[in-house]
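For reference, the structure discussed in these notes is given below.
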Amino acid sequence: MRIGFDFDNTIVSYDPLFYNVAVEQSLVPVGLPKSKLAVRDYLRQSDHENVWTELQGYVYGARTNEATAYPGVIDFMRLARDSGISMVIVSHKTRHPFLGPEYDLHEAARSWVSIALTDGTDHLIEPKQVFFELTVEDKIARIAEIQCDYFIDDLPEILLMSGFPENTGRMLFDPEARYGTGGNVTRFGSWQEIRAFFELKWKAHS
């Protein structure tokens, strides 16, 4: 079995980081909810779209090392590895921000993976199994090429996109319950739920 993971907002949670950086730069009030979406909505409603765009580049490029993994995802990866499951990361992001300094966003993300997704000195996901594509279309093509049995993403539009491989199970990571359910996409509210789903499957085939 091969499980594919999206990266941003699926493995990595940026909510506290976006809030902290925005407050640090005096872009939002201290009382704002500590979430990326709250920061985005505040800046957009204040007609500061370019500020929001540049903030994203700064967080993803210069401060990603301060982001944290979602609760339960690292434990799940350890369990999957110990169960002989192949794991890959397939994400899409530009190489450099649209505005501001030209941070290497791919290198910043790879650095986070190499530090955070480890078990002692061992990689939970090997560097050669981490793919950052420049476009959504390239991401879908990569998922198909490496033949994921399941793919976990926080965006339903990715899982429902034309060209998404029919034989790949579509798993929506939706901890804020922002989306409904339906079609051939299965929604999960936490990594603990995802772990329970796979534990049942692995037990049935053991």
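Take 127 as the starting number for the sequence shown in the numbering used here and just add one per residue. Note that beta-carbon positions come from the ideal geometry of N, C-alpha and C, so glycine has one too.
- In chain order, 196, 315 and 316 place their CB closer than 8 angstroms to the CB of residue 301, counting only its own chain and leaving out the 5 sequence neighbours on each side.
- Around residue 177, the same chain offers 153 and 169 as residues with beta carbons nearer than 7 angstroms, after the five sequence neighbours per side are excluded.
- Counting along the chain, residue 259 sits inside no alpha helix (DSSP H); it lies in the beta strand (DSSP E) bounded by residues 256-259.
- Counting the other CB atoms within 10 Å of its CB gives residue 330 a total below 16, which places it among the exposed residues.
- Across the structure, residue 194 and residue 311 are spaced so that their CA atoms are roughly 26 angstroms apart.
- In this structure, the straight-line span from the alpha carbon of residue 183 to that of residue 292 is close to 34 angstroms.
- In this structure, the alpha-carbon of residue 147 lies about 10 angstroms from that of residue 141.
- The three-state secondary structure of residue 195, taken from DSSP, is strand.
- The alpha-carbon of residue 328 is positioned some 48 angstroms away from that of residue 174.
- Rounded to whole angstroms, the Cβ separation of residue 254 and residue 216 is 13 angstroms, and the two are not in contact under 8 angstroms.
- Counting C-beta pairs closer than 8 angstroms gives three or more between the region 280-288 and the region 128-140, which meets the contact rule.
- Boundaries of the beta strand (DSSP E) harbouring residue 313: 311-314, taken from the DSSP string.
- Pairing residue 200 with residue 130, the inter-Cα distance amounts to about 14 angstroms.
- In the structure shown, residue 331 falls within a coil segment according to DSSP collapsed to helix, strand and coil.
- For residue 276, the enclosing beta strand (DSSP E) begins and ends at 276-279.
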